[in-house]
Every structure is written in C-alpha cells, then in structure tokens.
Amino acid sequence: MTTASAPHPSGNLENLPTLLEARFGGSASLSKASDDADLIIDVAELSVLPALCKYLFEEAGASFSGTIVEESRREWNIRYLFLFRSGSWAYVTVRAPIETKTLPSIVAGVHAADWYEREAEDLFGLDFEGHPRLGDFVLHNEIWGEGLAPMRKAFDARQQHFKQKPDKNWRPILVVQDPGAFAMPVGPVYEGGLGESIHFLLETVGEDVIRAVPRLFYKYRAVEKIAEGKPVSDVLLLAERFSATSAFAHSLGFCQAVESAARTTIPVRARRLRLVLCELERLRHHAGAIEGICQSTALSVSEAHAAIVEEQLLRASCAFTGHRYLFGLNTPGGLRRDFDEAGCRDLRLAVDTAASQLRYLEARLRYSSSFLDRLEDVGVVSPESARDLNLLGPVGRASGVCRDLRRVCPYAAYPEFRVEAPCEQEGDGYARLRVLFAEAQESARLIGEVIASLEPGEIQTPLEQDSSGAALGWVEAPIGAALHWVRLDSIARVERYRILPPSFRNWHGFHVAVEDFAFQDFPIILATFALSAAECDR
Amino acid sequence: MSFWFWHGLRRGIQSTRYPRAPESARGITPGRPVDTNFASAAEALQAAAQCPVDAITSQGEQTFVDLAACIHCQRCHFGGPRPLQWSGDFEWAQLPRVKDTHDPLPGYFQGSVHIMVVDAGDCGACLREVKQLNNPLYNMHRLGMFFTATPRTADVLLVVGPVTTNMRGPLLKTYEAMPDPKRVLAAGTCAITGNIFGTTFASAGGLGTILPVDLEIPGDPPPPLAILHSLLVVTGRKPPAPRSNDQWTVRTQGPGCRRRGTDAVLNS
Chain A
1 MTTASAPHPS GNLENLPTLL EARFGGSASL SKASDDADLI IDVAELSVLP ALCKYLFEEA
61 GASFSGTIVE ESRREWNIRY LFLFRSGSWA YVTVRAPIET KTLPSIVAGV HAADWYEREA
121 EDLFGLDFEG HPRLGDFVLH NEIWGEGLAP MRKAFDARQQ HFKQKPDKNW RPILVVQDPG
181 AFAMPVGPVY EGGLGESIHF LLETVGEDVI RAVPRLFYKY RAVEKIAEGK PVSDVLLLAE
241 RFSATSAFAH SLGFCQAVES AARTTIPVRA RRLRLVLCEL ERLRHHAGAI EGICQSTALS
301 VSEAHAAIVE EQLLRASCAF TGHRYLFGLN TPGGLRRDFD EAGCRDLRLA VDTAASQLRY
361 LEARLRYSSS FLDRLEDVGV VSPESARDLN LLGPVGRASG VCRDLRRVCP YAAYPEFRVE
421 APCEQEGDGY ARLRVLFAEA QESARLIGEV IASLEPGEIQ TPLEQDSSGA ALGWVEAPIG
481 AALHWVRLDS IARVERYRIL PPSFRNWHGF HVAVEDFAFQ DFPIILATFA LSAAECDR
Chain B
1001 MSFWFWHGLR RGIQSTRYPR APESARGITP GRPVDTNFAS AAEALQAAAQ CPVDAITSQG
1061 EQTFVDLAAC IHCQRCHFGG PRPLQWSGDF EWAQLPRVKD THDPLPGYFQ GSVHIMVVDA
1121 GDCGACLREV KQLNNPLYNM HRLGMFFTAT PRTADVLLVV GPVTTNMRGP LLKTYEAMPD
1181 PKRVLAAGTC AITGNIFGTT FASAGGLGTI LPVDLEIPGD PPPPLAILHS LLVVTGRKPP
1241 APRSNDQWTV RTQGPGCRRR GTDAVLNS
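First to last, the sequence lines map onto chains A and B.
The opening position of the first sequence corresponds to residue 1 in our numbering, with each subsequent residue numbered one higher.
The opening position of the second sequence corresponds to residue 1001 in our numbering, with each subsequent residue numbered one higher.
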C-alpha cells in the first residue's frame, strides 16, 4: 500500500508549521503544546483530515498510535495520535458538533487506523466515510442489536442489551470465492480451552490459508466504559486487571498518565524499582512466549524447560512482591511498598538463573533442525507491511520496525540506563523467537544493573490536590507500546479513560503472517506472535 | 537431536509431591488475608475500609474476610495503615454460598478425570495459572487429570473470567455438549463474583448467574496448587475448604456489624 517514505526533512519538528502551512493552508493549523501532547494540529476543515494524516504518516515519518474519541456535552473531540521519530507526541484534533454522524475515514492513507475506526463505529455510533468495512467488530452482530453505542454518555452500562437468543441466520462474510473454497473455523473455545477466546475463520481452497482475519472481542468487558466516573484508585484496579499478563506495565501506564495530569515528580528509588518490575514482567512474559513456541512445534522437552523457567520467575515475583503477577504495587505517585536488600538479592539470583537457563535453551534450539524447519521462512511479515500496519513490540522489531518507547521517549528510570533493543529484518517466526530471546537477556541484564544502583530513599510522592486535566501515559509493555490516556475531573474522578493496547494493533496485522502459509503452520505463527486477546478486547 | 532425550533424563523428577506431602516452596501462593484481631474497634473499622471490594467486614475488634470476593489487591497487606494477617496456604476450593452439600464426581473418576477449560473473559492470569498445571513442576497427569480438547469427553468444566456477553453462547454450548455426570468449577474471583468488572451489559458478573456452580476457587488469580486442590476436591480425594464467607455472612447480618465506608450499623 505505502512504500518506505523519506524521513522528515528536518528530522525534528522545527519546520513542520511552515510545511503544514504550505500544504494545507488555513485548514490545519498548529496550536501550542498542551499538558498531554508536544504538538497539536487543529483541523478546521474535515475534508483535509485524510490528506493530513497521510502526510504525517508517509512523508513526515510519524507512526500512527491510535484514536481517542471523546464526547463532551456539545461536541465530539477526536484525537488522532502520532509519534514522531524524535519522540514527540502529536495530536491531530477534530472538533465536530455532537449531531455529527459521519467523519471522513483516514484508512486509505493510514492503513493502521482500520480497526480504530471500526471500534469507534461500534462503540460511539460514528460512521466513517470511505472505510471499506464497518460493523460486527466489538459488538458481535448475532447477539447485539443495531444502533447501540455503549460508549456514549447516555448509555446505561448496567442494563442488559443483548438478544437472549442469538440470531441463527447470522453468517460471517466469506471473501474467497474460488471453486472448492471453504472456511475452517477455529475457536472461540479451542486447544481444550487453554487458548484465549478468539475466533479464526481460515479461508482456503486446499493446503494454504488464503485469508485469515481473527474475530476478537469475545472478552469485551467494557473497561473504558465502567472506568468512567470512578475514582483513580478504583480505575487503577481495572488498569492492572484487564490484561494480567502485563499487569505491571499497564498499571504503570495509567499511573504515569495520572502523575502527568497532576504534574508530580516521582522519587528516584521508585522510578528505578518500577524499571526493575517492568523488566521482570517482560522476562517472565517472554519465557512464557518461548514456551508457547516450543509447545506449538511439539518439542516437549524444550517446552518443559521453558515452562519451568516461567514458573520459577512467577515464584520469584511472588517471593519478591507478594503477588505472582505483580498486582497491587503501583500507585499514582510511586510504589505502594519498598523492597529490602535481601529481597533484591534473591530476585537478582532468580533472574540470573532464568537468564542462563534461557541461554542454554537458545543454544540447544539453534541445533534442533526439526524445530527450526517449522519456524524459518514461516509467517513472514515484510518490513514494508510491518511499517504499513505499524506493528509494535517484538513482532515489529523482528520485521525491522525497531521503535522502542524505552529508547524513543524514555519514562520511569529509562533515561538513566542504556537499553539495547534487538532488531531483526527477516520477519519470520525464527526472527521473532530470536528477538524474544535477546530481549529476555537484555531485561535480565537491566534488572541486575538497576538493582546494583539502588539507593535508599522515598518511594512515593503524594499527588497534588488539583489533578484535573487530560494526560497521556506511555509504557513499552512486553507485547509493545501501550498508551493510556485519561481525563480527570476536579475531584480526581476519571471522566474518560482510553487504553491503546499493543495487542490491538498487532492482531490487526496478524493475518498478513498467516496468509499464504499452510494450515499446519497456523498454530506456530500464532505462538510466535505471542499476543493477548484480553489486552486487545479490554 | 538426541541431546533433548539426555537433557530430559538428566533433569530428573521436578514435580511437587503435593498432595502426598505438603508443598512449601517460596512463591507458590500469594497467600490470603485471614480474620484478624485488632487492638480497638476503630482500628478494625479502618482495616475493613482499606478493601476496595467490600470483602472485609469488621465486628468489634475483629475483621472477617470473604475470600470469594477478595481480589488480591494487597491493600490490606502492605502500604496501608492497618495490615491484616495473611496466611500462606493454598487449599481454597470451597462450596458456593448457594450450596450446602459437597457432591463430588463418582469414585471411578479418581484415576482419570478430563477437564474442559473455557475462557469466558479472563484477563490472562487465571488461564496462565491453569496452564501451569501441565508443566513439570505440577504435572497433573501423575494424578490422572487431563485437559481435553472436546466437551464430549469432558467431566469437569473449569471456567475462568466473569462471563462476558460475547462468550455466553460458546460457554453454554460447551456445557450442553458435556455428558453427565459433570461438574462446574468457577476459577478465580472474576468467575465467582464478576470481580471489579461487575454486572454490566458486557459482563454477567460471575458464572453463578448462568450455570449451576459446584465448586469455587477464590483467588485473583488462584495459584496452580489451588486449582489442583479444587480438582482433587471435585473427584472426592480431598474435602473442600471450610467456606471463608460463612463467618462473613453471619457478621454482616448480625447485630452491631459495620460495613466499609458507612458508619451505619446494619440490622442493629
């Protein structure tokens, strides 16, 4: 769709105003930076929106990070979030009267916006003109009636709205029309229920999968809706419980958004401990992902080896923090508890053991030809599609998209420490496995380095009383860049909470890896992506 | 390639000896808050007020915990002004509040029981913990327990997650496809009470509103050994844990009971 584009002439944003002025005249203007963004581009005329977004994405080299739809009493406030290479966040903002039903779609220029618009259509009832396919996304058509817009303020979340008897006549849209074409359904309950609930419809005429678009949102719990009107301390519980395999990263993203709204500075010790816990979670997540890959290729001994590493890390997390999945540690302003030296020493020992076990595993897997045959040149995502789809995290980094928020716009204690982000170009299953291994080693190294640098000190700053306003928090979760955007009112209640999880973006690109590969590769490709449905569905 | 064989042999047996012998490795369980005595009634009230989900009630100087509602947020464990006592056990599987008698599967299931898991909106943690039962450290196969890929051969339905509206249909279909006798287990606080996701248009607020639940496994998430314990209970090899919320129920309805956030005395 798009080709690799030249970077922005200046490499930073200095001459962006002039360029925008020359290109779009008065229809798009730059306004001053606010609390929640470095740069705001106001769109006065809706018709220039697609061209403007396309310009930022293709020519200015910014990556598209999602949309934030907000409904106020009189108008829609829609933000299109972009991240420049220099690490600056930019919002393209659109204001429209509340009666507006239709907006122009930006999908033609920014393919990564596809699912964000489908989501907004289902949840807000907005129509996007020019979008190739809307509907049946979050609210599945066979059980939800038409015209529901659960994220609208007027919608009462406590009422039941679904059909008691699912529509028996509902049929999925099949695209492959060749003679002999058929569709093989997988899920939502598959792998004995041990796979997360997702439905895949693999369309094929025989051996190869021709089309495979996952149907998600079986696990939609409406986290963004039920967060509205709740105090910050309750929303924090939601932030760490909607996707527990990266609970710490998400609670940190939320806390950083709240801290940024309250203009709070976090003590050094808390920042460093947060880094340690983030990396511990990444290490454990990657060990689990590696286990999944070994399992998908039916190499049982290596699977058992990786499973033991994961369980030992879970136990080490529990011995260190009191919870196997690192719940209840973050709080806006810092951490809820401090850790003693003995605990840190034990953790470091456990992490070093896990890292050496993973090194051992990697060295052995490299010489297991039957294993490599299943991964090499399988599930290839080319660097062009990866950039086009804006893939994130290890999946993106295996396809040459090396962006890592820990390096691009460092948070917590990351500015103080050097982080290596391993990057591969091949984009196949084996490249993704190598990235997982390399990141796990890097996490273990960081944990050791940061624990050695810990000095006694405060772990919490009390928040300012007045923390009203909107702010963005970002964090590089194990699966990729996760963004949390909150608007707080004057009594520290959440007015609007928007989560932009990495899995959502990577699931959108998943079909590229599966298409044109054989059926038996499907579980392996699924495992090498190592995505979470809970994180995507929210 | 033969090194995998030797590697497997060299590592030897790693599995826990539970249930034959107690297991006490560090980090196998997050533990749980237990009923605690405080110095004064005011302190007990403060301790109960720390809980964001009303799982703690106080009466006099004592606090009572409803483990089935506990979301392991740790706010009564550390960081707060009045920490409760925590125990490090994991045998938590208990009867749901609506059920009084334990009704395990017939004896012939003790040597072989097949489990169907349904992810009905789980956050990933419970499912991950269920998966751990397959790893060598827990190795549930040695106890004759197996995950099965089809409901037609399943004896136990293990449900995680608060049951989202979109998963309601697949869950009911799975349940109906299972042959009798069958038992239904609700694993994790989400499946028991709906957790903080509550009862909304998108979530049913727990499995009990949809299917008859035979056993509930508290914990957010319940550690692997707690799930293993529940499978031993459902096959009649272990008794269920005494219901943690019996006390809690009595005390919330008894005279002089105070609930969090209000100074109102219920039923006084």
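Backbone N, C-alpha and C define an ideal beta-carbon position, used for all residues, glycine too.
* **Residue burial classification, residue 1134(B) (beta-carbon count within 10 angstroms, cutoff 16)** => Walking along the second sequence from the start, residue 1134(B) turns up at place 134. By the neighbour-count rule (16 or more Cβ atoms within 10 Å), residue 1134(B) is buried.
* **Residue ranges of each alpha helix (DSSP H) within the segment 1136-1218 of chain B, 4 or longer** => 1165-1177 and 1189-1193
* With DSSP collapsed to three states, give me the class of residue 535(A). => Working through the first sequence from its first residue, we reach residue 535(A) at position 535. Three-state DSSP puts residue 535(A) in a helix.
* Going along the chain, which residues of the segment 1020-1035 of chain B sit with their C-beta nearer than 7 Å to a C-beta in chain A? -> Within the segment 1020-1035 of chain B, the qualifying residues are 1025, 1026, 1027, 1028 and 1030.
* May I ask you to list, following chain order, the residues of the segment 318-345 of chain A that have a beta carbon less than 7 Å from some beta carbon of chain B? => 318, 319, 322, 323, 324, 325, 327, 328, 336 and 337
* **Unbroken stretches of the alpha helix (DSSP H), 4 residues or longer, contained in the segment 262-349 of chain A** => 268-296 and 300-321
* chain A contact for residue 1127(B) (CB, 8 Å cutoff) -> For this step, residue 1127(B) is matched to residue 127 along the second sequence. Judged by the 8 Å Cβ criterion, residue 1127(B) is in contact with chain A.
* **C-beta neighbour in chain A for residue 1179(B), strict 8 Å** => Stepping through the second sequence from its first residue, residue 1179(B) is reached at position 179. The Cβ of residue 1179(B) sits no closer than 8 Å to any Cβ of chain A.
* **residue 1124(B) beta carbon less than 8 Å from that of residue 617(A)** => No information on residue 617(A) is available, as it lies outside the stretch 1 to 538 that chain A covers here.
* To do: Determine the extent of the beta strand (DSSP E) in which residue 1058(B) is found, giving its start and end residues.
  => Position 58 of the second sequence, counted from the start, is the residue given in the question as residue 1058(B). Residues 1056-1059.
* Closest by CA to residue 174(A), which one among 203(A), 185(A) and 108(A)? -> Here the question's residue 174(A) lines up with position 174 in the first sequence. Of 203(A), 185(A) and 108(A), the residue nearest in Cα terms is 203(A).
* Asked: Would residue 304(A) count as contacting chain B if we go by Cβ distances under 8 Å?
  -> Walking along the first sequence from the start, residue 304(A) turns up at place 304. Yes, residue 304(A) lies at the interface with chain B (some Cβ there is under 8 Å from its Cβ).
* To do: Please decide whether residue 226(A) counts as near chain B, where near means a Cβ-Cβ distance under 8 Å.
  => The residue you call residue 226(A) lines up with position 226 of the first sequence. Residue 226(A) counts as touching chain B.
* To do: With a threshold of 16 other CB atoms inside 10 Å of the CB of residue 1229(B), please say whether the residue is buried or exposed.
  => Taking the second sequence and counting its residues from 1, one reaches residue 1229(B) at position 229. By the 10 Å Cβ count, residue 1229(B) comes out buried.
* **Closest Cα partner of residue 1207(B) within the set 1053(B), 1161(B), 1227(B) and 1225(B)** => Within the second sequence, residue 1207(B) is the residue found at index 207, counting from 1. Closest by alpha carbon: 1161(B).
* Any chain B beta carbon closer than 8 Å to residue 9(A) -> What you label residue 9(A) is simply residue 9 of the first sequence in a count that begins at 1. Note on residue 9(A): pLDDT 43, under 50, position unreliable in the model; the coordinate value appears next. Not closer than 8 Å to any Cβ of chain B, the Cβ of residue 9(A) fails to qualify, so no.
* Classify residue 20(A) as buried or exposed, calling it buried when 16 or more other Cβ atoms lie within 10 Å of its own Cβ. => In the first sequence, counting from the first residue as 1, residue 20(A) sits at position 20. By the neighbour-count criterion, in which a residue is buried when 16 or more other Cβ atoms sit within 10 angstroms of its Cβ, residue 20(A) is buried.
* Who does residue 82(A) pair with in a DSSP beta bridge? -> Sequence index remark: in the first sequence, residue 82(A) carries index 82 (1-based). For residue 82(A), the beta-bridge partners assigned by DSSP are 64(A) and 90(A).
* Best match in 1210(B), 1042(B) and 1012(B) for proximity to residue 1191(B) [C-alpha to C-alpha] -> Against the second sequence, residue 1191(B) aligns to sequence position 191. Nearest option by C-alpha distance: 1210(B).
* To do: Give the secondary structure of residue 17(A) by DSSP, where H, G and I count as helix, E and B as strand, and everything else as coil.
  => What you label residue 17(A) is simply residue 17 of the first sequence in a count that begins at 1. The answer is helix: DSSP assigns residue 17(A) an H, G or I state.
* Drop a sphere of 10 angstroms on the beta-carbon of residue 1059(B), count the other beta-carbons inside from all chains shown, and report buried for 16 or more, exposed for fewer. => Indexing the second sequence from 1 puts residue 1059(B) at position 59. Residue 1059(B) comes out buried.
* Taking buried to mean at least 16 other C-beta atoms within 10 Å of its own C-beta, is residue 4(A) buried or exposed? -> Against the first sequence, residue 4(A) aligns to sequence position 4. Low local confidence applies: a pLDDT of 36 at residue 4(A) is under 50, so the model's placement there is unreliable, and no value is given.
* Let me know if residue 265(A) comes out buried or exposed under the rule of 16 or more other beta-carbons within 10 Å of its beta-carbon. => For the purposes of this step, residue 265(A) is taken as residue 265 along the first sequence, with counting starting at 1. Exposed is the call here.
* Asked: Mind pulling the alpha helix (DSSP H) runs of 4 or more residues that sit fully within the segment 424-492 of chain A?
  -> With a minimum length of 4 residues, the continuous alpha helix (DSSP H) runs that stay inside the segment 424-492 of chain A are 429-453.
* Could one say the Cβ of residue 221(A) lies closer than 8 Å to chain B's Cβ atoms, at least one of them? -> Walking along the first sequence from the start, residue 221(A) turns up at place 221. Yes, contact with chain B.
* To do: Could you tell me which chain A residues have their CB closer than 7 Å to the CB of residue 1137(B), listed as they occur along the chain?
  => As a first step, residue 1137(B) is located in the second sequence; it is residue number 137 there, counting from the start. Chain A residues near residue 1137(B): 308 and 311.
* Asked: Got a sec, what are the start and stop residues for the beta strand (DSSP E) residue 1115(B) sits in?
  -> In the second sequence, the residue the question calls residue 1115(B) occupies position 115. Segment 1113-1119, the beta strand (DSSP E) holding residue 1115(B).
* My guess is that residue 538(A) and residue 1197(B) are in contact by the Cβ rule of under 8 Å, so how many angstroms apart are they, rounded? -> One-based indexing of the first sequence puts residue 538(A) at position 538. One-based indexing of the second sequence puts residue 1197(B) at position 197. Wrong, their Cβ atoms sit about 10 Å apart, outside the cutoff.
* Give a yes or no on whether 8 Å exceeds the smallest Cβ distance from residue 526(A) to chain B. => Position 526 of the first sequence holds residue 526(A). Residue 526(A) does not count as touching chain B.
* **Under 9 Å from the C-beta of residue 1140(B): neighbouring residues of chain A** => Translated into positions along the second sequence, residue 1140(B) becomes position 140. Here the premise fails: no neighbours, minimum Cβ distance about 13 Å.
* Asked: Any C-beta of chain A sitting closer than 8 Å to the C-beta of residue 1184(B)?
  -> Along the second sequence, read from residue 1 onward, the residue named residue 1184(B) stands at position 184. Not closer than 8 Å to any Cβ of chain A, the Cβ of residue 1184(B) fails to qualify, so no.
* For residue 287(A) versus residue 358(A), is the C-beta spacing smaller than 8 Å? -> Against the first sequence, residue 287(A) aligns to sequence position 287. Against the first sequence, residue 358(A) aligns to sequence position 358. It is a contact, given that the beta carbons lie within the stated cut-off.
* **Inter-residue Cα distance where the pair is residue 1239(B) and residue 1112(B)** => Taking the first residue of the second sequence as position 1, residue 1239(B) is located at position 239. Taking the first residue of the second sequence as position 1, residue 1112(B) is located at position 112. If I take the Cα positions, the gap works out to 18 Å.
* Sub-8 Å separation of residue 227(A) and residue 1201(B) beta-carbons -> The count along the first sequence starts at 1 and reaches residue 227(A) at position 227. The count along the second sequence starts at 1 and reaches residue 1201(B) at position 201. In this structure, residue 1201(B) does not lie closer than 8 Å to residue 227(A) by Cβ.
* Asked: What residue does the beta strand (DSSP E) around residue 1065(B) start on, and which one ends it?
  -> Translated into positions along the second sequence, residue 1065(B) becomes position 65. 1062-1065 is the extent of the beta strand (DSSP E) around residue 1065(B).
* **Helix, strand or coil at residue 57(A) according to DSSP, with G and I counted as helix** => Position 57 of the first sequence, counted from the start, is the residue given in the question as residue 57(A). Note: residue 57(A) maps to helix in three-state DSSP.
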